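Heads up, the sequence shown is in the numbering used here, so the first residue is 8 and it goes up one at a time.
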Amino acid sequence: MGYNAASPGWTLGKSRKKNYYAYAMDGDRGIVASWPECEARVRGHRARYRGFATRGEAQAWLDAGASYEDKRIGRRAESEALPEDAVFFDAGTGRGLGTEVNVTDREGVPILFLGVEARHLTPWGTLLLDDRTNNYGELLGCRHALAIALSQDRRAVYGDSALVLDYWSKGHVTAKKRARDPDLYRLAVETAVLRSEFEKAGGRLLKVSGGVNPADLGFHRD
8 MGYNAASPGW TLGKSRKKNY YAYAMDGDRG IVASWPECEA RVRGHRARYR GFATRGEAQA
68 WLDAGASYED KRIGRRAESE ALPEDAVFFD AGTGRGLGTE VNVTDREGVP ILFLGVEARH
128 LTPWGTLLLD DRTNNYGELL GCRHALAIAL SQDRRAVYGD SALVLDYWSK GHVTAKKRAR
188 DPDLYRLAVE TAVLRSEFEK AGGRLLKVSG GVNPADLGFH RD
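In structure tokens, the structure reads:
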């Protein structure tokens, strides 16, 4: 079963591709073109390793000392600088079940139950959609986040999708997309109405990076 956004309820049912892997261990370091090769080299050693989309990024990480901690500390500080009462949304397929929609508070605690009946939610507090893309899920997440923020008198909603933040949540959907996916267009119009009401009340819809977004469902790995 999954979630039918056009008629809410159960109907049962963002990470870049890693092309290179960099590793550093025991005075040795290098870049390989597959995870199995990286795994074979680091197995049994105290090693640091990460996947990257390009060889240049992999080399830059090695040149910078193959450090994990600096980036994590920076992300934690950035997250703690966000408003305490903000609402966050995301969609992703990282769990392998299909497209899930997530809305949380700043601590990453799911709060979709504030706008959706618990029986429609997964054990993780997310909505699982039937045959829908991540982009559609992001828009649905934005709609729910705006509705929750309005009902809870919160003034900030964050997401990491530029498409949703800059276009769809304003009702801006291309004619081609409207004709091909009328359900998405209806959802965009509904979201735009909520966004207008939210902003008139002093609220702001803002962008946050996927790695910092507490609602992130891309399951980013550092």
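Every residue gets a Cβ at the ideal spot worked out from N, C-alpha and C, and that includes glycine. Computed from a prediction, not measured in an experiment: that's the story for all the values here.
Determine the contact status of G101 and L224, defining contact as a CB-CB distance below 8 Å.
Locating residue 101 in the sequence shown gives position 94, counting from the first residue. Locating residue 224 in the sequence shown gives position 217, counting from the first residue. Their beta carbons are under 8 Å apart, which means G101 touches L224 by this criterion.
Which class does N109 belong to by DSSP, given the choice of helix, strand or coil?
Counting from 1 along the sequence shown, the entry for residue 109 is found at position 102. Strand at N109.
Between the Cα of V108 and the Cα atoms of Y192, L146, G217 and Q66, which residue gives the shortest distance?
Indexing the sequence shown from 1 puts residue 108 at position 101. Closest by alpha carbon: L146.
Coil, strand or helix - R50 by DSSP
As a position in the sequence shown, residue 50 is number 43, starting the count at 1. DSSP places R50 in coil when its eight states are reduced to three.
F96 vs G37 beta-carbon contact at 8 Å:
Residue numbering aside, residue 96 sits at position 89 when the sequence shown is read from its first letter. Residue numbering aside, residue 37 sits at position 30 when the sequence shown is read from its first letter. The answer is no: Cβ separation not under 8 Å.
With 16 as the cutoff for other CB atoms within 10 Å, does G16 come out buried or exposed?
To locate residue 16, count along the sequence shown from 1; it is residue 9. Confidence in G16 is poor, its pLDDT being 39 and thus under 50, which makes the residue's placement too unreliable to answer from.
Own chain partners of P90 with C-beta closer than 6 Å, once the 5 adjacent residues on each side are dropped:
Taking the sequence shown and counting its residues from 1, the one referred to as residue 90 is at position 83. Within the same chain, P90 has close Cβ partners A163.
Exposed or buried, which one is R70 when buried takes at least 16 other CB atoms within 10 Å?
Numbered from its first residue, the sequence shown carries residue 70 at position 63. Residue 70 is actually Asp in this sequence, not Arg. That one is exposed.
Which residue from N141, A29, V94 and G132 puts its Cα closest to that of L212?
Translated into positions along the sequence shown, residue 212 becomes position 205. Checked all of N141, A29, V94 and G132; the closest Cα to L212 is V94.
Does G230 come out as helix, strand or coil in the three-state DSSP assignment?
No answer is possible for residue 230: it lies beyond the span of the chain, which begins at 8 and ends at 229.
Put V39 into one of helix, strand or coil per three-state DSSP.
Translated into the one-based positions of the sequence shown, residue 39 becomes position 32. Of the three classes helix, strand and coil, the one that applies to V39 here is strand, per DSSP.
Simplified DSSP assignment, three categories, for A98:
By 1-based counting over the sequence shown, the position of residue 98 is 91. A98: strand per DSSP, three-state reduction.
Can you name, in chain order, every residue of its own chain whose Cβ lies under 8 Å from the Cβ of K214, other than the five neighbours on each side?
For the purposes of this step, residue 214 is identified with residue 207 of the sequence shown, where counting begins at 1. Excluding sequence neighbours, K214 sits near Y165, G166, D167, A169 and L172.
Is Y192 helix, strand or coil when you go by DSSP?
Counted from its first residue, the sequence shown places residue 192 at position 185. Y192 falls in the helix class under three-state DSSP.
Across the region 194-214 and the region 141-157, are there enough close Cβ pairs to call them in contact, namely three or more that are closer than 8 Å?
yes
Proximity to T111 [Cα-Cα], best of R139, D92, L201 and A31
Residue mapping note: residue 111 aligns to position 104 of the sequence shown, counting from 1. The shortest C-alpha separation from T111 is found at D92.
Here's the rule I'm using: 16 or more other beta-carbon atoms within 10 Å means buried, otherwise exposed. How should R262 be labelled?
Examination of residue 262 is not possible in this model, given that the chain is present from 8 through 229 alone.
Among the residues of its own chain, which have a CB less than 7 Å from the CB of E114, if the five just before and after it don't count?
Counted from its first residue, the sequence shown places residue 114 at position 107. So the qualifying residues of the chain are P221.
Going by other Cβ atoms of all chains shown within 10 Å of its Cβ, with 16 needed for buried, is A125 buried or exposed?
Walking along the sequence shown from the start, residue 125 turns up at place 118. Classification of A125: exposed, given that the 10 Å Cβ count is below 16.
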